[in-house]
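S.K.: Pasting in a structure now, in structure tokens, and then I'll have a few things to ask.
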Amino acid sequence: MRPVTFVKWGGSLITDKTGRFSVRTDVLERLADELARYHAAPPNAPIVLGHGSGSFGHVAAREAGFDPGAPLPDPAPALSQIQKAVDTLHRHVVHALRNAGLPVFSWAPSSAFVTTRGTPERSSSDPVHHALSAGALPVTYGDVTLDTKHGLSICSTETVFRTLIDALQQQGPPVARVLWCGNTDGVYDANGHTLPDLTAEQARTMIGDVHDPDGTDVTGGMALRLRTASALAEQGIDSLLLNGTVPNRFAAALRNDPDAHRTHIAAG
């Protein structure tokens, strides 16, 4: 099997994070079509797709009283409420992908992870490995998890990716890169211009400078993405941060076509 490409469709891309339970159906369907065209034109890399929970999971978590780092005295109602919200968005994503003809294998972190203060301690990633071997498209997402210390936690797509990538690096196939698709042209400098290339160290130094995510967010937005991408670069895995709202940008990134409107965080 060729090296795997991980793809995240950010919650700010496929939903309106300033609203409540609002899907950007046109964007979602176009992204699914771009992925389907790539999948149908070998040679192509196997893909693991993850998506954020946007105006579904983040809003539900806030409404349920979730506070990162603080235990809930009665987590059961919040678990159910948040899980319902993220599952609703996931069904929209899976529906768009299957309508585009893609062989989706849906994989829920809430059924596979137990976390401790938000960090997965016990997990079962074998289904993702076998789905890739079978030629399927594993699709996962940021999810609520049972947590040994706090009762529940929110496991971001970034955390899910880190856990899956660590597992695949041990048992194969290797992971080559991650495409982070959001609603900005990569990472901007102080003048609003895209930074085309960053090292892991440069990406880390920018974490405190990025603005807070628009709308409701309980996991960290771009700051978390930079932290994750810099850590992956030190493991030898490239990241591209690109604007998925622009038609065919995602398709071009899948094909490794050059594009000035993105940020490359280089491995090594």
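Residue numbering for the sequence shown is 1 to 268, as defined by full-length UniProt numbering. Beta carbons are placed, not taken as given, at the ideal position from N, Cα and C, and that holds for glycine.
(1) Quick check: what's the CA-CA separation for Leu102 versus Leu179?
(2) Under the three-state reduction of DSSP, which class applies to Val94: helix, strand or coil?
(3) Straight-line CA distance for Gln170 to Gly236?
(4) Where does Lys17 sit, in a helix, a strand or coil, going by DSSP?
(5) Within its chain, find whatever has a CB closer than 8 Å to the CB of Ala260; leave out the 5 residues flanking it on each side and keep chain order.
(6) Does DSSP put His261 in a helix, a strand or coil?
(7) Would Gln81 and Ser110 be called neighbours here (beta carbons separated by less than 8 Å)?
(8) Per the contact definition of three or more C-beta pairs closer than 8 Å, is the segment 125 to 132 in contact with the segment 84 to 93?
(9) Does the Cβ-Cβ distance between Leu241 and Gly186 come in under 8 Å?
(10) Taking its Cβ as the centre, do 16 or more other Cβ atoms sit within 10 Å of Val246, making it buried, or is it exposed?
(11) What would DSSP say about residue 299, mapped onto helix, strand or coil?
(12) What does a CB cutoff of less than 6 Å around Ala60 pick up in its chain, not counting 5 residues either side in sequence?
(13) State the beta-bridge partners of Gly182 as determined by DSSP.
(14) Excluding the 5 residues preceding and the 5 following Lys149 in the sequence, name in chain order all residues of the same chain whose CB lies nearer than 8 Å to its CB.
M.R.: Quick look at the numbers:
(1) Position 102 of the sequence shown, counting from 1, holds the residue named residue 102. Position 179 of the sequence shown, counting from 1, holds the residue named residue 179. Spanning the alpha carbons of Leu102 and Leu179 requires a straight line of approximately 18 Å.
(2) Mapped onto the sequence shown, residue 94 falls at position 94. Helix.
(3) Residue mapping note: residue 170 aligns to position 170 of the sequence shown, counting from 1. Residue mapping note: residue 236 aligns to position 236 of the sequence shown, counting from 1. Between Gln170 and Gly236, the C-alpha separation is close to 14 Å.
(4) Position 17 of the sequence shown holds residue 17. In the structure shown, Lys17 sits in coil (DSSP, three-state: anything other than H, G, I, E or B).
(5) By 1-based counting over the sequence shown, the position of residue 260 is 260. Correct list, in chain order: Thr194 and Pro196.
(6) Taking the sequence shown and counting its residues from 1, one reaches residue 261 at position 261. His261: coil per DSSP, three-state reduction.
(7) What you label residue 81 is simply residue 81 of the sequence shown in a count that begins at 1. What you label residue 110 is simply residue 110 of the sequence shown in a count that begins at 1. Cβ atoms of Gln81 and Ser110: not closer than 8 Å.
(8) Contact between the segment 84 to 93 and the segment 125 to 132 is absent, because fewer than three Cβ pairs lie under 8 Å.
(9) Reading the sequence shown from its first residue, position 241 is the one you call residue 241. Reading the sequence shown from its first residue, position 186 is the one you call residue 186. Taking 8 Å as the Cβ cut-off, Leu241 and Gly186 qualify as a contacting pair.
(10) Counted from its first residue, the sequence shown places residue 246 at position 246. Exposed: under 16 other Cβ atoms inside 10 Å.
(11) What the structure shows of the chain is the stretch from 1 to 268, and residue 299 is not part of that stretch, so it cannot be assessed.
(12) Stepping through the sequence shown from its first residue, residue 60 is reached at position 60. Annotation for Ala60: Gln81, Ile82 and Ala85 place their beta carbon closer than 6 Å to its own, counting only its chain and skipping 5 residues before and after.
(13) In the sequence shown, counting from the first residue as 1, residue 182 sits at position 182. BP columns for Gly182 point to Asn243.
(14) To locate residue 149, count along the sequence shown from 1; it is residue 149. Excluding sequence neighbours, Lys149 sits near Pro71, Thr116 and Arg117.
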